[in-house]
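Okay, so the sequence shown: first residue is 116 according to this note's numbering, each after it adds one.
Where is the CB? At the ideal position from N, CA and C, for every residue including glycine.
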Amino acid sequence: MQPFNSTYDDDPGHYDRLRDCWLNRRREKFIAGRLEAYQLPPDSLVLEIGSGTGWLLNRLGVRFPRLRFAGVEPIAGYVAYAQKNAPPNVRYLASTLERAEALAEQPRAVLSNDVLHHVPSYEGALRAAGRLAALGCRWLAIEPNCKNLYTFVKQATGYGEQNFWPRRFRRLARREGWRLDGKGHLFLVPPSVDQPPRWMQAIERLGERVPFLAGGVYLEFSFGPATGRSHGEQDRRHHEGRHHVAGPVLHSEDDGVVRERVAVGQHPDTV
Ligand SMILES: C[S@@+](CC[C@H](N)C(=O)[O-])C[C@H]1O[C@@H](n2cnc3c(N)ncnc32)[C@H](O)[C@@H]1O
């Protein structure tokens, strides 16, 4: 049987320790920054697809006590491990995304971190996420960057791994009602590094902007019929407090990541 994750399906403790690295701490910071930008009403539900051992979601639960979080994860041992360490506003469901039953309430934000390259089909995952999500739901996905040759080879040859194809995912997402709000590249320091020296952190800040160097990509979507103005546009106006811009925009926020946002009316695939 194809593993859901990779070598560590039977060893949640080991996998959780591996996830405790600089890369994941930066992911957490980036995701937390975006969650803040979404300005979700108190008590909103945030769903993480492929929540693994709960490394990320349990931290987000502590950071955002006024939000509630649910993780859907097919490896039962990971779910038990995650639940054991969960704060009161975080719970877990043992299932694949595709088989997950409707939750008691619809999430207003979906997160997936390093997961979409594991799912059997993008269409299946997109459709399943659409069945669960509230109208206007945001989706922040972070995946390995296939434009980086080292990452590409690692994903192509690693046990249980695959590459993630953002353009294909974006095209299918549009068909399933997920509109692209933003996308970009991020991360340079590999997961083997726990605490990079300052000079390495500085190089990461510069290098992660370059598509062929970055280790990761992110995509941001919102779900539902067109409302005339994308959330990407709303966010940009919120952050910049300025005028309409007619092209992809680069801007840097507190987490230091430079982002491209998609302008209203612009075809996402042209960015
Ligand atoms: C690389 S791990 C990432 C785990 C976690 N997001 C993190 O960053 O620590 C990928 C996770 O996705 C889960 N996964 C694989 N296929 C899935 C599916 N169809 N639905 C939900 N989760 C899935 C795996 O079991 C695994 O825990």
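| Check | Outcome |
| --- | --- |
| Does DSSP put Phe145 in a helix, a strand or coil? | helix |
| His300 bridges to which residues according to DSSP? | Val332 |
| For Leu334 and Gly297, what's the separation of their Cα atoms in angstroms? | 6 Å |
| In the structure shown, what three-state DSSP assignment does Ala240 receive? | helix |
| Touch check for the segment 156-164 and the segment 218-227: three-plus C-beta pairs under 8 Å? | yes |
| In chain order, what residues of the same chain have a beta carbon less than 8 Å from the beta carbon of Arg246, not counting five sequence neighbours either side? | Ala217 |
| Please look up how many angstroms separate the CB atoms of Asp131 and Trp170, rounded, as I've assumed it's under 8 Å. | 6 Å |
| Extract the residue ranges of the beta strand (DSSP E) inside the segment 154-233, only unbroken runs of 3 or more that lie entirely within it. | 160-164, 183-188, 205-209, 224-228 |
| Pro259 lies in the beta strand (DSSP E); which residues open and close that run? | 253-259 |
| So what does DSSP say about Phe338, is it helix, strand or coil? | strand |
| Using 10 angstroms around the beta-carbon of Ala240, count the other beta-carbons present and answer buried if the total reaches 16, otherwise exposed. | buried |
| Over the uninterrupted alpha helix (DSSP H) stretch that includes Gly290, give me the two end residues. | Just to set this straight, residue 290 is Arg in the shown sequence, not Gly. Where Arg290 is concerned, the enclosing alpha helix (DSSP H) stretches over 281-290. |
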